[in-house]
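Residue numbers (my numbering): 3 to 413. Glycine included, C-beta positions come from ideal geometry on N, C-alpha and C. Small disclaimer: the values here were computed from a predicted structure and weren't measured.
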């Protein structure tokens, strides 16, 4: 039994969808069919009377009134208020002429009120609906066609039948508004998801670009400096040259490891059997960075003030990359053989200062527009975790990079 009901419901839904699609394609044909049906109802309703009461004899006046009332419905899409006024006026005249007030006789004005409620705003619906109901009820009370029926029956009947289309049309309008709102929210959510996905892709691309720039630029700069120093000392200091070349091998090996770790993040597929990735570098690897710079001919001193406190993984990586980029710029551009790294743990922040004694005119060229991405990358890294970055020439000479990064309190 339930399966039969389900099949019947499916068929009914399918047929209703077909009717709606046909109505959307041919609205005028549907309107004409509905109006012809209403005209048939009105003609049938004009022939009904109470028992023992003779039907009114007005020739073709009643038919003409009902015809005008139905034809006025053709304008309901563009002029719904006019359709309500004309159909209500024709109905009132018909009731005054002695026609019995029945749902069949009220069919045109009921249809006009329904379409008015679905198309216009609630204020207009209340105004025109109340006026039409009052006019029809007054005609029903004063007309002789209702015979000896009580005043209550003469009033309740027209009010009930005319209120039905107003309520039904208002509900249909609210349902359409609700469906439009749901569709608009769905479209907005889809656009938001697409924009968020594009934003995430852009942020990830920028993050990978910063990582690759820091790894490649730093290690290539050190390798270039080490190779140049080794070539300069090859004939005069062979032992030092051998040590520099050994350090050069370590520099290139470190670059390959970091590149492998960075590219491994892109290829990671959550395979439990895959090789574990190398941890992201942090301030714990600062001695390795200092040693690599010294092998390239740059003497780096590191001082720490305050009690060292832990940083979040992102802040730790940011701190290391900023120091690495600043020292790389000193190696490539500052013309200085010494640099200072100062770590100050103060309150809830870690302040890092990297300075050199080189000429201000030989400061990192990335500070000039369109000449590099090192300074831009440092600034983006600091801002991404809520930190700050300041840089510029020192009054006493040289260049200085200062960043303040947030600390994570101990658990």
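Asked: Excluding the five sequence neighbours on either side, which residues of its own chain have a C-beta within less than 6 Å of the C-beta of residue 88, listed in chain order?; Found: 74
Asked: Determine the direct distance from the alpha carbon of residue 347 to that of residue 310, and round the result to whole angstroms.; Found: 6 Å
Asked: Would you report the Cα separation of residue 175 and residue 118, rounded to the nearest angstrom?; Found: 10 Å
Asked: Assuming residue 142 is part of the beta strand (DSSP E), what are its boundary residues?; Found: First-last for residue 142: 124-144, but that is the alpha helix (DSSP H), not the beta strand (DSSP E).
Asked: Could I get the ranges of all uninterrupted beta strand (DSSP E) runs contained in the segment 304-369, with 3 residues as the minimum, in chain order?; Found: 340-348, 351-358
Asked: May I have the straight-line CA-CA distance separating residue 121 from residue 133, to the nearest angstrom?; Found: 18 Å
Asked: On the DSSP bridge assignment, give the partners of residue 302 in chain order.; Found: 341
Asked: Helix, strand or coil: how does DSSP classify residue 287 here?; Found: helix
Asked: Considering only DSSP beta bridges, list what residue 392 is partnered with.; Found: 404
Asked: Can you tell me whether residue 427 is helix, strand or coil according to DSSP?; Found: Coverage of the chain is limited to positions 3 through 413, which leaves residue 427 absent and any answer about it impossible.
Asked: Secondary structure at residue 51, three-state DSSP: helix, strand or coil?; Found: coil
Asked: Can you name, in chain order, every residue of its own chain whose Cβ lies under 7 Å from the Cβ of residue 67, other than the five neighbours on each side?; Found: 92, 95, 96
Asked: My output table needs one value for residue 158: the three-state DSSP class, helix, strand or coil.; Found: helix
Asked: Could you work out which residue in 33, 330, 172 is closest to residue 125 when comparing CA atoms only?; Found: 172
Asked: Reducing DSSP to helix, strand and coil, say where residue 66 ends up.; Found: helix
Asked: For residue 139, collect the residues of the same chain with a Cβ closer than 7 Å to its Cβ; drop the 5 residues on either side in sequence, then sort them by chain order.; Found: 157, 160, 161
Asked: How about residue 169 and residue 130: are their beta carbons less than 8 Å apart?; Found: no
Asked: Near residue 64, which residues of its chain fall below 8 Å by C-beta distance, leaving aside the five closest residues on each side in sequence?; Found: 48, 58, 96, 99, 101
Asked: Please report the residue range of the alpha helix (DSSP H) in which residue 118 lies.; Found: 109-121
Asked: Inspect the beta-carbon positions of residue 302 and residue 295 and report whether they are closer than 8 Å.; Found: yes
Asked: With 16 as the cutoff for other CB atoms within 10 Å, does residue 211 come out buried or exposed?; Found: exposed
Asked: Answer yes or no: do residue 320 and residue 407 have a C-beta to C-beta separation smaller than 8 Å?; Found: yes
Asked: Within 10 angstroms of the Cβ of residue 414, are there 16 or more other Cβ atoms? Answer buried if so, exposed if not.; Found: For the chain, the structure presents residues 3 to 413; residue 414 sits outside this window and is missing.
Asked: Rounding to the nearest angstrom, what Cα-Cα distance links residue 242 and residue 322 in this structure?; Found: 28 Å
Asked: Please classify residue 155 as buried or exposed, where buried requires at least 16 other C-beta atoms within 10 Å of its C-beta.; Found: exposed
Asked: Considering only their Cβ atoms, is the gap separating residue 298 from residue 231 smaller than 8 Å?; Found: yes
Asked: Under 8 Å: do the segment 348-358 and the segment 393-402 share three or more Cβ pairs, one atom per stretch?; Found: yes
Asked: Which of helix, strand or coil does DSSP assign to residue 234?; Found: helix
Asked: In angstroms with no decimal places, state the Cα-to-Cα distance between residue 372 and residue 290.; Found: Residue confidence for residue 372 is low, a pLDDT of 37 falling below 50, so the modelled location carries little weight; the figure read from the coordinates is stated next. In a straight line, the C-alpha of residue 372 is about 31 Å away from that of residue 290.
Asked: Contact defined as beta carbons within less than 8 Å: I believe residue 1 pairs with residue 333. What is the distance between those atoms, to the nearest angstrom?; Found: Past the boundaries of the shown model lies residue 1; the chain is included only from 3 to 413, so the question cannot be answered.
Asked: Given a threshold of 16 other Cβ atoms within 10 Å of its Cβ, counted over all protein chains shown, does residue 368 qualify as buried or as exposed?; Found: Residue placement at residue 368 cannot be trusted, given a pLDDT of 41 that sits under 50; the coordinates are not used to answer.
Asked: If contacts are defined as beta-carbon pairs under 8 Å, then residue 44 and residue 107 qualify, I think. What distance do you get, rounded to the angstrom?; Found: 6 Å
Asked: How long is the line joining the alpha carbons of residue 190 and residue 179, rounded to whole angstroms?; Found: 16 Å
Asked: Kindly indicate if chain D contains any beta-carbon less than 8 Å away from that of residue 382.; Found: The structure shown contains no chain D; it holds only a single protein chain.
Asked: From residue 104 to residue 143, what distance separates their C-alpha atoms?; Found: 14 Å
Asked: Grouping DSSP H, G and I as helix and E and B as strand, with all else coil, what is residue 80?; Found: coil
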